[in-house]
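Note sheet for the following structure.
Protein chains: 2
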Amino acid sequence: MIERRIKKLQNKIEETKAEAVIIFSASDIGYFTGVGDIEGVLVVSAKNERKLFVSPLYETAASELPKNELEVSINGIKDVTDYLKQEGIHKIGLDFLETKMNISNEFAGFEIIDFTNQTKMIRMIKEKEEINSIKRSAIFARNAFLKVYPYIKAGITEKEIADELTYQIRKAGAQKESFETIVASGANAAIPHHTPTDKKIEDGEFLVIDFGANKDGYNSDNTLTFLIGEKDDEKKKLFNAVFYAQLFATEMIAPGRTKASDVEKRARSELGKYNLDKYFIHSLGHGVGLDVHEFPYINLKNDMVIQPGMVFTIEPGIYIPGELGIRLEHMVLAKENDTEVIAFTPFMEIM
Amino acid sequence: MIERRIKKLQNKIEETKAEAVIIFSASDIGYFTGVGDIEGVLVVSAKNERKLFVSPLYETAASELPKNELEVSINGIKDVTDYLKQEGIHKIGLDFLETKMNISNEFAGFEIIDFTNQTKMIRMIKEKEEINSIKRSAIFARNAFLKVYPYIKAGITEKEIADELTYQIRKAGAQKESFETIVASGANAAIPHHTPTDKKIEDGEFLVIDFGANKDGYNSDNTLTFLIGEKDDEKKKLFNAVFYAQLFATEMIAPGRTKASDVEKRARSELGKYNLDKYFIHSLGHGVGLDVHEFPYINLKNDMVIQPGMVFTIEPGIYIPGELGIRLEHMVLAKENDTEVIAFTPFMEIM
């Protein structure tokens, strides 16, 4: 499995004419070595020589690697540049989004090749085992939510729900949550990345819960919205607009043919029918895998065609400042001829 | 409070002869604006004009700022460079450790001034309110631990302890844990950054628990080590070596006079008496504040003198691969004439 991934990386290295790539991202390192949860620097050369540099802190964690592929480094990036010089490597590929200036400055004298997003392009198409891992994480998250659901009602605070859900995600079998669980009610729900507070949930409010589980590095990401207490017709209409935006955007996807940008357009046109698209202040979705946000991004600027093996969210939302917010997010797997919603959560209390 | 911080920043800007600094670190932005938990870009000019650029996602969260200091930006870094050009700003300060290559490339044409670590030097000396915040976080963490302590015995798994402690940290009043709680037993404890597993704790093993709480952005960081079951004399000796290394390193600190490097030397010389210093594979400590790891770093290379207002960990450890690990970590506040251990945890079961 790792060999197949490295092969793809070799092809990218050849394409960019680099002599080696230097990888800093922990999720990339996990993907290309099988050693997760560490900090280090991975060098893969065009000749397929590999070397993972780690501090002594991570020596034991990385000890499953063959001895000649592991270098316990105490001088940081200098050990990497020394190695490159010794190997006669001069043209190095760097992902500019993953390389900080203090590091790039250390590569003065080397020829730097733009390797930005190349590893993300590889990781974008998931292997069968990866899809299973994402599904498993999504099921842990769903199971955790089912434990917490009975307690959700007026009077409980945002933070109580978030703390309990986070705990249940771990108890369900996940290593940890994919990101800080978001629980936002009433006007707070108008803040997409709201940090849960001690505010009590009240009847008549929308409640947004955005949560995910991580196991073996693979994440899930889902958002549910509830209307607490009696259902008001005006609020139902708002909810349904978001629901149909999600539904139609998801249903239009034909793997191999549909552009990411068109999927967001579809969601926006649905919200536009009710003049709500101006309240949809973020993009429609993002890939999910070893990172919670990764390729492919589903937004108006991205004309990439959705391909089989991609896993990404579809998450339209509306945010009316000072009033309310609604977001519905599910994960979609693109297959050969159609799509599948991962760990579909049957919560549709409002319609 | 913010004004006093900005004043210090202005002094640094003057020293470095930059016309403005561009700040990307979320904790720096929180420190210099009072708006925490957001992603954005903060520009502070030598003339003390300030502008925080955020995506629409964070507009509501940042809305407490004066209107003329907030810019809702949809074009990312380009909005920042346009603003700088419009203001006639050419010499910009960047922290190379916080600036990625894709961003620094956008500043082509500007004169880049090295502003690395300047904000960290300011944040290194804590204000009274910050010290109180750190103490409060440490007390939340301690209270959480006291809830979990009665359940720690042979048969419980590492992950069960970690999940429960994480939950109790939040229930105690913290927003979240400062970092993923580490629970490591037996041979796993030889891995300093071990991820908790389903391994059961057994009698005769050392159990290392490294945990912290975060509230209003401020972190705590403590590590306890227990010997489970009957206390073996050899193991007691190992524990005591680490305990005395921590004690003597802490006691030697005279604020205004002691160098950070000498503090680590003291810990190492104590471990050296038992030939254990070779197993101490990391540095002695690090500052704690809005980041879990920040200035000052307590290591052999840092000759910085410990100053009143600094808060940092003292955490010697020994790690014998395949066998065991021991780490003891507390947080020390340097005061005018002496030091104080923050939220001292009275766990000393082994001696």
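Heads up: the protein sequence lines correspond to chains A and B, in order. Residues in the first sequence are numbered from 1 upward in steps of one, following my numbering. Residues in the second sequence are numbered from 352 upward in steps of one, following my numbering. Ideal placement from N, C-alpha and C gives every residue a C-beta, glycine not left out. This structure is a prediction, so every number in the text was calculated from the model and none was measured.
(message) Tell me which residues share the same chain as residue 449 of chain B and place their Cβ nearer than 7 Å to its Cβ, disregarding the 5 neighbours each side in the sequence.
(response) 375 and 376
(request) Spell out whether any CB of chain B is found under 7 Å from the CB atom of residue 37 of chain A. (result) yes
(request) Note down, in chain order, each residue of its chain lying with its Cβ closer than 8 Å to the Cβ of residue 368 of chain B, except the 5 sequence neighbours on either side. (result) 442 and 464
(request) Would you mind giving the Cβ-Cβ distance between residue 330 of chain A and residue 222 of chain A, rounded to the nearest angstrom? I have them listed as a contact below 8 Å. (result) 6 Å
(request) If I'm right that residue 609 of chain B touches residue 542 of chain B with Cβ under 8 Å, what's the distance once you round it to whole angstroms? (result) At roughly 31 Å, the Cβ-Cβ gap does not stay under 8 Å, so residue 609 of chain B and residue 542 of chain B are not in contact.
(request) Determine, using beta carbons only, whether residue 408 of chain B comes closer than 7 Å to chain A. (result) yes
(request) Name the two residues that bound the continuous alpha helix (DSSP H) containing residue 11 of chain A. (result) 2-16
(request) Output yes if chain A places a C-beta closer than 7 Å to the C-beta of residue 453 of chain B; else output no. (result) yes
(request) Give the straight-line distance between the Cα atoms of residue 455 of chain B and residue 583 of chain B, rounded to the nearest whole angstrom. (result) 56 Å
(request) Might you give, ordered along the chain, the residues of its own chain that have their beta carbon closer than 6 Å to the beta carbon of residue 653 of chain B, omitting 5 neighbours on each side? (result) 611 and 612
(message) Could you check whether residue 557 of chain B and residue 675 of chain B sit closer than 7 Å to each other, using their CB atoms as the reference points?
(response) yes
(request) Could you work out which residues of chain A lie near residue 527 of chain B, taking near to mean beta carbons separated by less than 8 Å? (result) 180
(message) Less than 8 Å between C-beta atoms, sequence neighbours within five positions excluded: which residues of the same chain meet that for residue 592 of chain B?
(response) 621, 622, 624, 625, 627 and 669
(message) Within 7 Å of any Cβ in chain A, is that where the Cβ of residue 546 of chain B sits?
(response) yes
(request) Quick one: residues in its chain with C-beta nearer than 8 Å to the C-beta of residue 197 of chain A, no 5 flanking neighbours on either side, listed in chain order? (result) 157, 158, 159 and 188
(request) Compare the C-alpha of residue 362 of chain B against each of B/427, B/417, B/466 and B/500 and name the closest. (result) B/466
(message) Below 9 Å on C-beta distance, what does residue 321 of chain A contact in chain B?
(response) 410, 411 and 414
(message) Is there a C-beta anywhere in chain A that falls below 7 Å from the one on residue 514 of chain B?
(response) yes
(message) Restricting to Cα atoms, I'd like to know which of B/659, B/534, B/679 and B/406 is closest to residue 690 of chain B.
(response) B/659
(message) Per DSSP, what are the beta-bridge partners of residue 382 of chain B in this structure?
(response) According to DSSP, which records beta bridges pairwise, residue 382 of chain B is partnered with nothing at all.
(message) Could you give the first and the last residue of the continuous beta strand (DSSP E) run that contains residue 74 of chain A?
(response) Neither: residue 74 of chain A is in no beta strand (DSSP E) and is coded neither H nor E.
(request) Using beta-carbon positions only, say whether residue 683 of chain B and residue 601 of chain B come within less than 7 Å of one another. (result) yes
(request) Could you name the residues of chain B that residue 96 of chain A contacts, counting a contact when the two beta carbons are closer than 7 Å? (result) 451, 452, 453 and 456
(message) Between residue 382 of chain B and chain A, is any beta-carbon pair separated by less than 7 Å?
(response) no
(message) With three or more C-beta pairs closer than 8 Å as the rule, is the segment 418-438 of chain B touching the segment 484-493 of chain B?
(response) no
(request) Along the alpha helix (DSSP H) that carries residue 488 of chain B, what are the first and last residues, could you check? (result) 479-499
(request) Taking only the alpha-carbon atoms, compute the straight-line gap between residue 357 of chain B and residue 95 of chain A and give it to the nearest angstrom. (result) 34 Å
(message) Once the 5 residues before and after residue 409 of chain B are set aside, which same chain residues still bring their CB inside 7 Å of it?
(response) 389, 390 and 391
(request) Flag this pair as touching only if the segment 117-132 of chain A and the segment 46-65 of chain A have three or more C-beta atom pairs under 8 Å; answer yes or no. (result) no
(request) With residue 678 of chain B as the anchor, note down where its beta strand (DSSP E) starts and where it stops. (result) 675-678
(request) Find the residues of chain B that neighbour residue 192 of chain A, judging by a C-beta separation of less than 7 Å, and give them in chain order. (result) 408
(message) According to DSSP, is residue 509 of chain B part of a helix, a strand, or is it coil?
(response) helix
(message) Against residue 152 of chain A, what residues of chain B qualify as contacts under a CB-to-CB distance less than 8 Å, listed in chain order?
(response) Here the premise fails: no neighbours, minimum Cβ distance about 17 Å.
(request) Output, in chain order, the set of chain B residues within a Cβ distance shorter than 8 Å of residue 313 of chain A. (result) Result: empty, since nearest Cβ-Cβ is about 15 Å, beyond 8 Å.
(request) Could you tell me the boundaries of the alpha helix (DSSP H) in which residue 454 of chain B lies? (result) 452-457
(message) Buried or exposed, going by whether 16 or more other CB atoms sit within 10 Å of the CB of residue 554 of chain B?
(response) exposed
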